[in-house]
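Single-structure report; data block below.
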Amino acid sequence: MAAASGSFDVEAATRAYLDTLQGPARAQSDAYFEGGYWLILWGTLVGILADWLLLRFRLAAKFRDIGERLSNRRWVVTGVTALLYTLVATIIVLPWTIYTGFFREKQYGLLDQAFGAWGGEQLMNLGIELLIAPLLVIAIYALIRRAPRSWWLWATGVIGAFMMVGMVLGPVFIAPLFNDYTEMQPGPLRDRIEAVAAKYDIPAEHIYVFDQSKQHKRISANVSGLGPTIRISLNDNLLERTSEPEILAVMGHEMGHYKLNHVWWIVGIYLAIFAAGLFIASRVAPMLIARHGERWGVRDIADPASLPILAICFSAWMFLMTPATNSLVRIAESKADAFGLEAAQEPDGFAKVAMRLSEYRKIEPGPLEEVLFFDHPSGATRVRMAMEWKAKHVKDPQVVVPEEGYLDSE
Ligand SMILES: [Zn+2]
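This note's numbering numbers the first residue of the sequence shown as 33 and each following residue consecutively.
Spelled out as structure tokens, the structure:
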């Protein structure tokens, strides 16, 4: 009956999957994703333009003046400046935010929210930013005043502390503002997930399902939280649109993130890149202020009106670092893929999921394209990895030709 395992051709098995995303669906996915490359550039430029406008029209200086009228305490002045900066910068970039976040997503059929619901979430995001940004900026400017040369290093530590507090509290206080999280129902599927978790000593007394179908149809799962709040959550799209092997494959991947401590890896990567960006800002900003400070109403780098200058330096740096951050995250994702294949033992489930994710992530990019722009392995890379695993670990592996239309199943 079955062909000998020697005859299982990884390339043919991979192709059988990739061939199921063709024609207009594939063209649409490519267009959506490739358009995203340009959005990285334009998004950075729009942000820099907003900062430049705040300087050119001396708005940042006005925000500081308002703060100085309200109080002579420096932290209050800084907090007021940061609050007004966050608010006005958000308003300036609003048309861009609405185009990329709402109209473009709608155009590709990737958003199921009405404008009001979407806008409400944006307002909540802004509210959270208005609470947190002033605290962070107050801390950073206090460090600039005390350590004019080395503040960038201390500021990196402060950002790290903010990130960790945010990660501990996020799943408990922030995420529930946007979605309902409920315990996954007991049953055979949950039992299978818990059995996989038990193999690796991963605590699985809590597995959460969240109602992301109200936002869009994309399947998704994640590990969030830190220390006492760490947990795995999957969205209702994954649970309802896909088959059991697919769900297990995704959960195996998420357990990989958990078991391989990727939270710390990601935090470490970002802090190293932030440190370099802040260092550059700490050296470039004083030069810009020496040249243009008078025109912009910015006295020196310790003046909170210099905030847009720091923001320009920092966002230009983060833009240049995009291929590095993408690649470092993609390496972690690839390791979680390998872990998940081993843990769930569902290579065909994993391949199907990779195909579904390719509905909005270009499926077969060139090698350099994948390095520069992909923060997850491409569909082709993932399917191939799954088929390689299958060739090695499954007895008498067979080429699976996915059933017609499985990508559209709701
Ligand atoms: Zn992942």
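Just so you know, even glycine gets a beta-carbon here, dropped at the ideal spot from N, CA and C.
In terms of Cβ geometry, Ala92 and Leu339 form a close pair [threshold 8 Å]. Contact between Glu286 and Asn254 holds, since their C-beta atoms are separated by about 7 Å, short of 8 Å.
Put simply, the region 358-376 does not touch the region 315-325. Fewer than three CB pairs are less than 8 Å apart. A Cβ-Cβ separation of about 6 Å places Gly284 in contact with Val228 under the 8 Å criterion. In the three-state DSSP reduction, Val200 falls in the helix class (H, G or I). Contact between the region 406-422 and the region 385-392 is present: 3 or more CB-CB pairs across the two stretches fall below 8 Å. In this chain, the alpha helix (DSSP H) harbouring Phe351 covers 339-352.
Around the beta carbon of Lys394, 16 or more other beta carbons sit within 10 angstroms, so the residue counts as buried. Relative to ligand 1, the nearest heavy atom lies less than 7 Å away from the CB of Glu365.
For Glu215, the enclosing beta strand (DSSP E) starts and ends at 213-215. Take the alpha-carbon of Tyr117 and the one of Glu153: they are about 20 Å apart. DSSP assignment within the region 217-264 yields the following whole alpha helix (DSSP H) runs of 4 residues or more, N-terminal first: 220-231.
With contacts defined by Cβ atoms closer than 8 Å, Leu280 and Glu378 form a contacting pair. Using a 10 angstroms sphere on the CB of Gly148, the tally of other CB atoms stays under 16, which defines it as exposed. In the DSSP assignment, Leu266 is bridged to Val241, Ala253. Counting C-beta atoms within 10 angstroms of its own C-beta, Arg273 has 16 or more neighbours from the protein chains shown and is therefore classed as buried. The three-state secondary structure of Gln60, taken from DSSP, is helix. By the criterion of a C-beta distance shorter than 8 Å, Ala230 is surrounded in its chain by Ala236, once the five residues flanking it on both sides are discounted.
At the C-beta level, Leu168 and Phe210 stay beyond 8 Å of one another.
The Cβ-Cβ distance between Leu162 and Leu102 does not fall below 8 Å. If you check the C-beta of Ala370 against ligand 1, you find no heavy atom less than 7 Å away. Here Asp380 has Val432 as same chain residues with Cβ atoms under 6 Å from its own Cβ, once five neighbours each way along the sequence are excluded. If you check the C-beta of His289 against ligand 1, you find a heavy atom less than 7 Å away. For Phe405, the uninterrupted alpha helix (DSSP H) segment begins and ends at 399-405.
Annotation: the continuous alpha helix (DSSP H) that includes Lys384 extends over 379-389. Tyr213 and Gly398 have their C-alpha atoms spaced approximately 38 Å apart.
By the C-beta density criterion, Ala368 is buried, having at least 16 other C-beta atoms within 10 angstroms.
Under the DSSP assignment, Ser314 falls in the alpha helix (DSSP H) whose first and last residues are 294-328.
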